[in-house]
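Student:
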Amino acid sequence: MNQSAPPHTTPHPAPCSRGFTQLLSATRRGARLARLLGVGQLRSWEVPQDLVERAEVVIAELAANAVLHGHVPGRCFRLTLVSDPACGLLRVEVSDARGDLHPRLPAATGDPGALRTGGRGLTLIAALADHWDCVPYPPAGKTVRAVLSTPGPSPGPPGTARNLDG
1 MNQSAPPHTT PHPAPCSRGF TQLLSATRRG ARLARLLGVG QLRSWEVPQD
51 LVERAEVVIA ELAANAVLHG HVPGRCFRLT LVSDPACGLL RVEVSDARGD
101 LHPRLPAATG DPGALRTGGR GLTLIAALAD HWDCVPYPPA GKTVRAVLST
151 PGPSPGPPGT ARNLDG
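Sequence positions in the sequence shown follow the UniProt record's numbering and run 1 to 166.
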């Protein structure tokens, strides 16, 4: 006998956002693992390939910064991903233990031919993300977060990106 739900009930809608969080060692290996786990998770959620590719660079840069600039001996860093497929938004967060050191975009140098060996990570993040910022992560750390959206039609009404800032 086939029992189905009465016609007046509707199934519960799927949650509009999905999340993933992982603690990782503040080492180069941990940064690499953050990138691999993040990409794997996004693919399992069937996030559009363009968004996965941009998120991969953002995850790699934020994780590398957490290891290089946010490392406190004996403390890990945290990768968090929040996807809202209905709005076409993805938030990437990396939290570390150094709340006293906040990221800044590098100042432009006067010499356009000058070779720099570092400092391009935040410039890449600014180019790939719709928005990025840094917020405190209690008790003594910080979280650098970036919001990315899928290309194409507008992801929703103005202020939609703020829905992922929770």
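For glycine and all other residues, C-beta sits at the position ideal for the given N, C-alpha and C. Treat the numbers as computed from the prediction; the structure is a model and nothing was measured.
Below 8 Å on the Cβ atoms is my contact criterion, and I expect E53 with I125 to pass it. Report the Cβ-Cβ distance as a whole number of Å.
Tutor: In the sequence shown, the residue the question calls residue 53 occupies position 53. In the sequence shown, the residue the question calls residue 125 occupies position 125. Contact flag wrong, Cβ pair sits at about 14 Å.
Student: So, for G121: in the same chain, excluding its five sequence neighbours on each side, which residues have a beta-carbon less than 7 Å away from its beta-carbon?
Tutor: Within the sequence shown, residue 121 is the residue found at index 121, counting from 1. Excluding residues within five positions, the ones whose Cβ falls inside 7 Å are E61, A64 and N65.
Student: According to DSSP, L81 sits in a beta bridge with which residue or residues?
Tutor: Looking up residue 81 in the sequence shown gives position 81. Bridge partners of L81: F20 and V92.
Student: Considering only DSSP beta bridges, list what A146 is partnered with.
Tutor: Here residue 146 is taken as the residue at index 146 of the sequence shown, counted from 1. BP columns for A146 point to V92 and W132.
Student: Nearest to E46 by CA position, among L128, D100, V72 and G88, is which residue?
Tutor: Counted from its first residue, the sequence shown places residue 46 at position 46. Checked all of L128, D100, V72 and G88; the closest Cα to E46 is G88.
Student: H71: which of T150, P85 and H102 sits nearest, CA to CA?
Tutor: For the purposes of this step, residue 71 is identified with residue 71 of the sequence shown, where counting begins at 1. Nearest of T150, P85 and H102 to H71, Cα basis: H102.
Student: Is DSSP giving G74 helix, strand or coil here?
Tutor: In the sequence shown, residue 74 corresponds to position 74, counting from 1. In the structure shown, the three-state DSSP call for G74 is coil.
Student: Run through the DSSP bridge pairs and tell me what G141 is partnered with.
Tutor: Residue mapping note: residue 141 aligns to position 141 of the sequence shown, counting from 1. DSSP output for G141 lists Y137 as bridge partner(s).
Student: Please check the pair L51 and L148, which I expect to be a contact at CB under 8 Å, by giving their CB distance rounded to whole angstroms.
Tutor: On the sequence shown, residue 51 is found 51 positions in, with the first residue counted as 1. On the sequence shown, residue 148 is found 148 positions in, with the first residue counted as 1. Confirmed, Cβ separation roughly 6 Å.
Student: Between the Cα of T21 and the Cα atoms of D100, F77 and V57, which residue gives the shortest distance?
Tutor: As a working note, residue 21 is residue 21 in the sequence shown. The shortest Cα separation from T21 among D100, F77 and V57 belongs to F77.
Student: How is E56 classed by DSSP in three states: helix, strand or coil?
Tutor: For the purposes of this step, residue 56 is identified with residue 56 of the sequence shown, where counting begins at 1. It is helical.
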